[in-house]
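Number of protein chains: 2
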Amino acid sequence: MKTYLDCIPCFMAQTLRAGQVATDDEHKIKELLDEVGSKIREIPMTCTPPETGEFIYRLVREVTGVEDPYREIKKKSIREVLSLLPRLRDMVKSSEDRLLAAIRLATIGNVLDFGIQRRYDLMEEIGKMEHMQYAIFHYDSFRERLAQTDSVLFIGDNAGESVFDRLLAEELGRPVTYVVREVPVINDATREDAIESGLHEVATIVSSGSTAPGTILRLCTGEFLEMYRDSGMVISKGQGNYEGLSESDRQVFFLLRAKCPIIARDIGVNVNDFVLLDSSLSGHHP
Amino acid sequence: MKTYLDCIPCFMAQTLRAGQVATDDEHKIKELLDEVGSKIREIPMTCTPPETGEFIYRLVREVTGVEDPYREIKKKSIREVLSLLPRLRDMVKSSEDRLLAAIRLATIGNVLDFGIQRRYDLMEEIGKMEHMQYAIFHYDSFRERLAQTDSVLFIGDNAGESVFDRLLAEELGRPVTYVVREVPVINDATREDAIESGLHEVATIVSSGSTAPGTILRLCTGEFLEMYRDSGMVISKGQGNYEGLSESDRQVFFLLRAKCPIIARDIGVNVNDFVLLDSSLSGHHP
Chain A
1 MKTYLDCIPC FMAQTLRAGQ VATDDEHKIK ELLDEVGSKI REIPMTCTPP ETGEFIYRLV
61 REVTGVEDPY REIKKKSIRE VLSLLPRLRD MVKSSEDRLL AAIRLATIGN VLDFGIQRRY
121 DLMEEIGKME HMQYAIFHYD SFRERLAQTD SVLFIGDNAG ESVFDRLLAE ELGRPVTYVV
181 REVPVINDAT REDAIESGLH EVATIVSSGS TAPGTILRLC TGEFLEMYRD SGMVISKGQG
241 NYEGLSESDR QVFFLLRAKC PIIARDIGVN VNDFVLLDSS LSGHHP
Chain B
1001 MKTYLDCIPC FMAQTLRAGQ VATDDEHKIK ELLDEVGSKI REIPMTCTPP ETGEFIYRLV
1061 REVTGVEDPY REIKKKSIRE VLSLLPRLRD MVKSSEDRLL AAIRLATIGN VLDFGIQRRY
1121 DLMEEIGKME HMQYAIFHYD SFRERLAQTD SVLFIGDNAG ESVFDRLLAE ELGRPVTYVV
1181 REVPVINDAT REDAIESGLH EVATIVSSGS TAPGTILRLC TGEFLEMYRD SGMVISKGQG
1241 NYEGLSESDR QVFFLLRAKC PIIARDIGVN VNDFVLLDSS LSGHHP
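Okay, here's the thing in structure tokens:
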């Protein structure tokens, strides 16, 4: 997805938020805003938004000296969801369609953002799971592809959400490679977060090499690019990965809640809609 | 009020919005965002936010060549409220406390912003007028001051809202000078808008000289500064004027709805709260 004009004030808002999480020093935060502001002229609108995100969160690390500002938030989020795991696993196991239940839970997991969702709200979302309506739901296509593949490349998004992803990985019935970010960026799952979520028990964890809050292919390792090209099935969680991969020329199953109005419009859904999108069935696929 | 860090992303959002109202040319809007972004480093946090607003809206006029992007929106807003005027005047006249009713209506008028409030919503607000609760309501002090003064300086805010101000001007029972902006800036009332609202029938209209979306004393004319200093009573409508005058060393009656979370926090109220604040009774007065 390209950068829209509306993304630009949002870059500044993200800078402010990330700065405030990393430090109390208002001068440093102002310095971050100054620096990002002065770089706006250089942002090509053809770039994807997470490419600018990469710049922003790297700058936050450099200026504040805090390597992983969301560390505690991520840990807390993972702990909360882990405490629910046995209950969630029972829900999946007792479902008539276990794969469907795991997909629904993995979508609800994407509601978790910045670790601010409270346990109560999360349980409320989960309680309404049976009635979940997707604005786009390419489930048949998802099942068909899964039946034909002998492995799955599963690109993760946030920490905490990663625990839900573990349940889906368990239900795929194929060897799963779970993809994390190379460095801490916002609350996105790194290798450490994936391990804390227990994903190493059900999948091989690899870093895409991306240091952006999304999968930006030009930032990825050769090893990842090969897996991405050759894998029989790719599942991509969340908005950041959608932004990076929506114009990629291979089939990707995007699983997300559209939280940003610009991304929602790009997909063709409304804000807060749930989406399971087979890119090969959409106009997005070249 | 000083500039807070949270104001900075908002400056960018205002630039985008004003650019989109003035032109469909995405390149010109991007140019506006580039320019405002690159100026952030130069914004002293001791400045009031409307001083940056002055820069933004001047830039929009220069880059787009559109002198008054909100012209039609303002005209429509004034027309809508004028169509309600006889009804509103009856409401005031039939009230037990006419001054109170006129103050309430003038506060509701401040809900009008960007002309996007629909007539329906407006009538709904007006319908609930009897039950209006103010978070700060220095009405006794307002009445006392009014009884002692022989004229009132009334600093206007938005076009449309200006029609409500006319009703309050009628109820003050003193010669009123109604203050407008020197140039079109957002949907703020200019001399032309005040005349369309009929304010010339009940008040003397003067420009403060301010080209900002607020009353910034250093941008005002000597003539206005003299009136501001010497007037027996000053009423100031809306957020922009509050931002400019909140630290001024004279008594001002601020009448507004707190729409911005930063301004609300500065005043010490919640977002959407109604306020009639006598600055001499608050901690804001030096």
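Residue numbers (the numbering used here), protein chains in the order written: chain A, 1 to 286; chain B, 1001 to 1286. Idealized CB from N, CA, C, for every residue including glycine. These figures come from a predicted structure and were not determined experimentally.
C-beta atoms of residue i and residue j nearer than 8 Å
i, j, result
"B/Leu1105", "B/Leu1167", "yes"
"A/Asp68", "A/Pro175", "no"
"B/Ala1135", "B/Val1252", "no"
"B/Leu1005", "A/Leu16", "yes"
"A/Ile108", "A/Phe164", "yes"
"B/Asp1193", "B/Lys1076", "no"
"B/Gly981", "B/Thr1003", "Since the first residue of chain B shown is 1001 and the last is 1286, residue 981 of chain B is not available in this structure."
"B/Ala1013", "B/Ile1056", "no"
"A/Lys28", "A/Thr64", "yes"
"A/Leu199", "A/Ala169", "yes"
"B/Pro1009", "B/Ala1212", "no"
"B/Asn1241", "B/Ile1186", "no"
"A/Ser162", "A/Ile78", "yes"
"A/Met227", "A/Leu153", "yes"
"B/Leu1255", "B/Lys1237", "yes"
"B/Thr1221", "B/Ala1203", "no"
"B/Val1275", "B/Lys1259", "no"
"A/Ala22", "A/Val66", "yes"
Residue closest to residue i, alpha-carbon to alpha-carbon, out of the options
i, options, result
"A/Ala189", "A/Val176, A/Ile205, A/Ser280, A/Arg17", "A/Ile205"
"B/Leu1100", "B/Val1176, B/Ala1203, B/Tyr1139, B/Val1081", "B/Tyr1139"
"B/Ser1246", "B/Thr1052, B/Lys1028, B/Val1081, B/Asp1266", "B/Asp1266"
"A/Ile103", "A/Arg257, A/Gly268, A/Lys75", "A/Arg257"
"A/Ser280", "A/Lys259, A/Phe274, A/Met233, A/Ile262", "A/Met233"
"A/Arg145", "A/Gly244, A/Tyr70, A/Leu277, A/Glu226", "A/Leu277"
"A/Glu42", "B/Met1045, B/Asp1034, B/Pro1044", "B/Asp1034"
"A/Ala71", "A/Asp24, A/Asn158, A/Glu130", "Note that residue 71 of chain A is Arg in the sequence shown here, rather than Ala. The residue with the shortest Cα to Cα distance from A/Arg71 is A/Asn158."
"B/Leu1082", "B/Ser1095, B/Met1123, B/Val1066", "B/Met1123"
"A/Cys179", "A/Ser208, A/Pro44, A/Asp90", "Reading the sequence as shown, one finds Val at residue 179 of chain A and not Cys. With distances taken between Cα atoms, A/Val179 lies closest to A/Ser208."
"A/Arg181", "A/Glu130, A/Gly244, A/Lys30", "A/Gly244"
"A/Lys30", "B/Asp1025, B/Gly1037, B/Asp1249", "B/Gly1037"
"A/Gln148", "A/Lys39, A/Ser231, A/Val21, A/Ala264", "A/Ser231"
"A/Arg229", "A/Gln239, A/Arg250, A/Val21", "A/Arg250"
"A/Phe287", "A/Ser282, A/Ile262, A/Asp273, A/Ser94", "This structure does not reach residue 287 of chain A, given that chain A is present from 1 up to 286, and the question cannot be answered."
"A/Asp273", "A/Leu88, A/Val111, A/Glu201, A/Met45", "A/Val111"
Coil, strand or helix - residue i by DSSP
i, result
"A/Asp188", "strand"
"B/Lys1028", "helix"
"B/Val1183", "coil"
"A/Asp68", "coil"
"B/Tyr1228", "helix"
"B/Asp1157", "coil"
"B/Ser1208", "coil"
"B/Val1269", "coil"
"B/Thr1177", "strand"
"B/Leu1059", "helix"
"B/Cys1010", "helix"
"A/Arg89", "helix"
"A/Arg250", "coil"
"B/Ile1195", "helix"
"B/Val1234", "strand"
"B/Leu1005", "coil"
"B/Asp1278", "strand"
"A/Val152", "strand"
"B/Arg1145", "helix"
Near the ligand FMN: residue i beta-carbon under 7 Å from a heavy atom
i, result
"A/Glu72", "Among the components of this structure there are no ligands whatsoever, and the ligand FMN is therefore not found."
query: Which runs of the alpha helix (DSSP H), 4 residues or longer, sit entirely within the region 1098-1137 of chain B?
result: 1098-1109, 1119-1127
- request: Compile a chain-ordered list of the residues in the region 21-37 of chain A whose CB is closer than 7 Å to at least one CB of chain B.
  value: Glu26, Ile29, Lys30, Leu33, Asp34, Gly37
- request: Please list the residues of the region 1207-1233 of chain B that have a C-beta atom closer than 8 Å to any C-beta atom in chain A, keeping them in chain order.
  value: none
- request: Taking only beta carbons into account, state which residues of the region 38-66 of chain A come closer than 8 Å to chain B, listed in chain order.
  value: Ser38, Lys39, Ile40, Arg41, Met45
Residues in the region 254-270 of chain A having any Cβ partner in chain B nearer than 9 Å: none
Proximal residues, the region 4-16 of chain A versus chain B, C-beta separation under 7 Å: Leu5, Asp6, Ile8, Pro9, Met12, Ala13, Leu16
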